[in-house]
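What follows is a single structure, written as structure tokens, with notes after it.
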Amino acid sequence: MNMSLFAAASIGTGIMMIVAAVAALIVKKLISAIIIVGFVSLSASLLFLLMDAPDVAITEASIGAAISTVIFLWGRGKIGGEQ
Amino acid sequence: MSAEYLFYWSMAATGLGLVLIGLWGVLTRKHILRIALAFTLADTGVNLILVWSGFLPNRAAPIIDSSVTTVVDPLPQALVLTSIVIGVAVAALFVVVGVLASRKSGSADIRHMKELRW
Amino acid sequence: MIILFVLIGGGLFLAFLRLILGAKAADRAVALDTTTLITTVFLVLVAFLQGRSMLLDVALVYSVLSFLGVLAVARYIDGGLR
Amino acid sequence: MIRTIVGLAIVLVLAAILITVVDDYTVPSALSGVGELYTQTGVEDTGSVNLVTAVVVAYRGLDTLGEVVVLFSASTAVVLILTLIPIGANPTPPSSIVAFTAGILPGAIILFGIYIITHGHLSPGGGFPGGAVVASAFLLVMLGSNTIPDKSKFLSSIESLAGLTFGLLGFWGMFTLGQFLNNLVIPAGSPGRIISAGIIPLISLAIGAKVASELSGIFSSYRKAGGEE
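Chains as they are written, first to last, in the numbering used here: chain S, 20 to 102; chain Z, 2 to 119; chain P, 377 to 458; chain U, 1211 to 1439.
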């Protein structure tokens, strides 16, 4: 019972991650791509928790949610200009 | 096609898909920061596959208390723990070098970076 | 339990659609905030189903730090990350 | 266009190879090798309830020392490049709501990060995630202000002190018990208490301080480069 629910959750999360990863590479504006990569990172943290790895889930949540997004946004702001 | 089988293999398929998509992005994109983003995606996929290699369904997280007898493999989780933190430092280095290269050549498009040709 | 999973999954899917299709960066940022909120609820549900209260730490980190990304996007649109 | 097709072809060939490699696997039912050993005897060997922290700090402590060196070189490269070649721009000041929030919340986040670091042997956490949480508190401070940080020497001294502590704790185990980074130089205590597991909490504190100071150094050099010109 629990196992089939978890299987449905992991399959749904995996499909969303794959679609979001493709969208991050083909979407027009770079800032949208950065936001979508942040979503992929957060979903990866959910998969880590489902794989019984809470330590890795904590690390991925803090790194992916905050630090990685801010580093890319900072780089985007420093480049400036088009796209 | 039991639920356990689907649960186990969907994780591997997700990680594999992320690695391949990241590789495709690195090969085909033009903007330097977009390449860095694809690199980060592939990094996440590799971490997923590494954690998956120590995962068994129907076991508990590797924190022993009185209610838990069988746990998953703690070794790949310990390796991935350090790999994530190193990955973000390497991504920061990538972004800095990319910003400097785009400053020097006047555009963030890698086709205009003449110094990087080989 | 199935009803809970369907509700959480449906909400997550709707927010995900806005994240992918969203017309502007602000729409996507709000969608990212919504998905992190729903995912926090799902993490609490997983901790309840597995019966281990120490998994709640992950949900705590999520709820403490998830707003930082949205705040960074807002500061970027504002012009503060240059 | 030709680049897209070639890239897609390379990726598809790689996918086919990988799928044929993993095709005939089934779901395993038992651990193999050293993982089984760690799960059987980990708590008696190290006194740490959380086996991941036991592997990171005690069993594979030398590897962790090497990985901390890799992190150190990456962050040093970022700081060095941005010190030599400043990239100028002027950020706009934050609104009063953001400034007010960024004045209140970092204290609570730092406290939570210290909780994650010091309870690394009892619950999910340890040096690496706790250090990342503390670094995000400093990131919140920098997002909510428009000034240039001026404490970089303080940060680098914390960084070197943490690295030195890690090495010295390792040598303590080598001189008393004959093994580098043996964590039982002080008694293990009863597993599940906060003062247990030998020197694992101390090494976690060192790792956490090192990770937090290195990531904060990266942010501070980004912001410092942004402030000039």
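Backbone N, C-alpha and C fix where the C-beta goes; we use that ideal spot for every residue, glycine too.
Could you have a look at Z/Ile-64 and say whether DSSP puts it in helix, strand or coil?
Numbered from its first residue, the second sequence carries residue 64 of chain Z at position 63. Residue state, collapsed to three classes: strand.
Which of the three DSSP states, helix, strand or coil, is assigned to Z/His-113?
Within the second sequence, the letter at position 112 stands for residue 113 of chain Z. Residue state, collapsed to three classes: helix.
Residue closest to U/Thr-1236, alpha-carbon to alpha-carbon, out of Z/Ser-3, Z/Leu-38, Z/Asn-48:
Position 26 of the fourth sequence holds residue 1236 of chain U. Measuring from the Cα of U/Thr-1236, the nearest candidate turns out to be Z/Ser-3.
Any residues in the segment 431-455 of chain P with a beta carbon nearer than 7 Å to a beta carbon of chain S? Which ones, in chain order?
Leu-431, Asp-433, Val-434, Val-437, Tyr-438, Leu-441, Ser-442, Leu-444, Gly-445, Ala-448, Val-449, Tyr-452
Determine the closest residue to U/Thr-1214 out of Z/Phe-95, Z/Leu-49, Z/Leu-28, Z/Asp-66, with distance taken between C-alpha atoms.
Here the question's residue 1214 of chain U lines up with position 4 in the fourth sequence. The candidate whose alpha carbon is nearest that of U/Thr-1214 is Z/Leu-28.
Between U/Tyr-1432 and Z/Phe-95, what straight-line distance do the alpha-carbon atoms span, to the nearest angstrom?
Counting from one through the fourth sequence, the residue named residue 1432 of chain U turns up at place 222. Counting from one through the second sequence, the residue named residue 95 of chain Z turns up at place 94. Near 13 Å, if we compare the C-alpha coordinates of Z/Phe-95 and U/Tyr-1432.
Would you please verify whether the beta carbon of Z/Ile-91 is less than 8 Å from any beta carbon of chain S?
Position 90 of the second sequence, counted from the first residue, corresponds to residue 91 of chain Z. The question names Ile, but residue 91 of chain Z in the sequence shown is Val. Answer no: the Cβ-Cβ gap between Z/Val-91 and chain S never drops below 8 Å.
In terms of residue numbering, what span does the alpha helix (DSSP H) encompassing P/Phe-381 cover?
Stepping through the third sequence from its first residue, residue 381 of chain P is reached at position 5. P/Phe-381 -> alpha helix (DSSP H) spans 378-397.
Under 8 Å, do Z/Val-86 and U/Phe-1376 count as touching if we go by C-beta distance?
One-based indexing of the second sequence puts residue 86 of chain Z at position 85. One-based indexing of the fourth sequence puts residue 1376 of chain U at position 166. Taking 8 Å as the Cβ cut-off, Z/Val-86 and U/Phe-1376 do not qualify as a contacting pair.
Under 8 Å from the C-beta of S/Gly-33: neighbouring residues of chain Z:
If you number the first sequence from 1, residue 33 of chain S lands on position 14. Those are Ser-11, Met-12, Ala-14, Thr-15, Gly-18, listed as they occur along chain Z.
Cα-Cα, which of U/Pro-1304, U/Leu-1275, U/Asp-1273, U/Gly-1335 is closest to Z/Ala-62?
Here the question's residue 62 of chain Z lines up with position 61 in the second sequence. Of the listed residues, the one whose Cα sits closest to Z/Ala-62 is U/Gly-1335.
Please return the same chain residues whose Cβ sits closer than 8 Å to the Cβ of S/Val-41, not counting the five positions on each side in sequence.
Your numbering for residue 41 of chain S matches position 22 in the first sequence. Within the same chain, S/Val-41 has no close Cβ partners at all.
To the nearest angstrom, how far is the alpha carbon of U/Met-1384 from that of S/Trp-93?
Locating residue 1384 of chain U in the fourth sequence gives position 174, counting from the first residue. Locating residue 93 of chain S in the first sequence gives position 74, counting from the first residue. Approximately 44 Å, taken between the alpha carbons.
Does P/Leu-441 pass the burial test, meaning 16 or more other C-beta atoms within 10 Å, or should it be called exposed?
Locating residue 441 of chain P in the third sequence gives position 65, counting from the first residue. With 16 or more Cβ atoms within 10 Å of its Cβ, P/Leu-441 is classed as buried.
In chain P, which residues lie with their C-beta within 9 Å of the C-beta of Z/Ala-62?
Your numbering for residue 62 of chain Z matches position 61 in the second sequence. Here the neighbours are Gln-426, Arg-428, Met-430, Leu-431.
Please report the distance separating the alpha-carbon of U/Ser-1430 from that of Z/Ser-67.
Along the fourth sequence, one-based indexing puts residue 1430 of chain U at 220. Along the second sequence, one-based indexing puts residue 67 of chain Z at 66. Whole-angstrom Cα-Cα distance: 45 Å.
Considering only C-alpha positions, which residue in the set U/Leu-1332, U/Ala-1342, U/Ser-1283, U/Thr-1249 is nearest to U/Ser-1370?
Residue mapping note: residue 1370 of chain U aligns to position 160 of the fourth sequence, counting from 1. Checking every option, the nearest Cα to that of U/Ser-1370 belongs to U/Ser-1283.
Looking only at C-alpha atoms, which of Z/Lys-31, Z/Ile-33, Z/Ala-93 sits nearest to U/Leu-1176?
Chain U is shown from 1211 up to 1439; residue 1176 of chain U falls before or after that span and cannot be answered.
Residues in its own chain within less than 7 Å of S/Val-56 by CB, not counting five upstream and five downstream?
Along the first sequence, one-based indexing puts residue 56 of chain S at 37. Ala-43.
Is DSSP giving U/Glu-1438 helix, strand or coil here?
Reading the fourth sequence from its first residue, position 228 is the one you call residue 1438 of chain U. In this predicted model, U/Glu-1438 has a pLDDT of only 47, less than 50, meaning its place in the structure is not dependable enough to derive any value.
So the alpha helix (DSSP H) S/Lys-97 belongs to, where does it begin and stop?
Here residue 97 of chain S refers to the residue found at position 78 of the first sequence. Here the alpha helix (DSSP H) through S/Lys-97 covers 88-98.
Beta-carbon gap between Z/Leu-7 and S/Ala-84 smaller than 8 Å:
Numbered from its first residue, the second sequence carries residue 7 of chain Z at position 6. Numbered from its first residue, the first sequence carries residue 84 of chain S at position 65. Not in contact: Z/Leu-7 and S/Ala-84 (Cβ atoms no closer than 8 Å).
Can you confirm whether the segment 67-79 of chain Z touches the segment 22-42 of chain Z when touching is taken to mean that 3 or more C-beta pairs between the two stretches lie within less than 8 Å?
no
Along the segment 33-61 of chain Z, what residues have a CB closer than 9 Å to any CB found in chain S?
Ile-33, Leu-34, Arg-35, Ala-37, Leu-38, Ala-39, Thr-41, Leu-42, Thr-45, Gly-46, Asn-48, Leu-49, Val-52, Trp-53, Gly-55, Phe-56, Leu-57, Pro-58, Asn-59, Arg-60, Ala-61
Rounded C-alpha distance that separates Z/Val-91 from P/Gly-385:
As a working mapping, residue 91 of chain Z is identified with position 90 in the second sequence. As a working mapping, residue 385 of chain P is identified with position 9 in the third sequence. Cα-Cα distance, rounded: 34 Å.
Just checking: is the beta-carbon of S/Ile-86 within a distance shorter than 8 Å of some beta-carbon in chain U?
Counting from 1 along the first sequence, the entry for residue 86 of chain S is found at position 67. Yes, its Cβ sits closer than 8 Å to a Cβ of chain U.
Opposing strand residues paired with U/Asn-1260 [DSSP bridges]
One-based indexing of the fourth sequence puts residue 1260 of chain U at position 50. Answer is Z/Ile-64, bridged to U/Asn-1260.
I want to verify the contact list: residues of chain P whose CB lies under 7 Å from the CB of S/Ala-76, in sequence order.
Here residue 76 of chain S refers to the residue found at position 57 of the first sequence. Simply Val-434.
Pairs of beta-carbons, one from the segment 1401-1418 of chain U and one from the segment 1308-1322 of chain U, closer than 8 Å: are there three or more?
no
Residue environment, U/Ile-1326, which counts as buried when at least 16 other CB atoms sit within 10 Å
Counted from its first residue, the fourth sequence places residue 1326 of chain U at position 116. When all chains shown are included, U/Ile-1326 counts as buried.
Between the Cα of U/Asn-1260 and those of U/Trp-1382, U/Leu-1332, U/Ser-1367, spot the shortest distance and give me the residue it belongs to.
The residue given as residue 1260 of chain U occupies position 50 in the fourth sequence. Checking every option, the nearest Cα to that of U/Asn-1260 belongs to U/Leu-1332.
Hey, would you say U/Val-1308 sits closer than 8 Å to U/Ala-1422, going by beta carbons?
For this step, residue 1308 of chain U is matched to residue 98 along the fourth sequence. For this step, residue 1422 of chain U is matched to residue 212 along the fourth sequence. Contact flag unset, no.
Interface flag, Z/Glu-116 vs chain S, CB-CB below 8 Å:
Working through the second sequence from its first residue, we reach residue 116 of chain Z at position 115. No, its Cβ sits nowhere closer than 8 Å to a Cβ of chain S.
Should P/Thr-416 be counted as a contact of the ligand MN given a C-beta to heavy atom distance under 7 Å?
Absence of the ligand MN is noted for the structure shown, with no ligands found whatsoever.
Give the residues from the segment 50-74 of chain S that approach chain U closer than 9 Å (Cβ to any Cβ), ordered along the chain.
Ala-72, Pro-73, Asp-74
Please work out which residues of its chain come closer than 7 Å, Cβ to Cβ, to P/Leu-317, disregarding the five sequence neighbours upstream and downstream, and give them in chain order.
The requested residue 317 of chain P is not part of the displayed model; chain P covers only 377 to 458.
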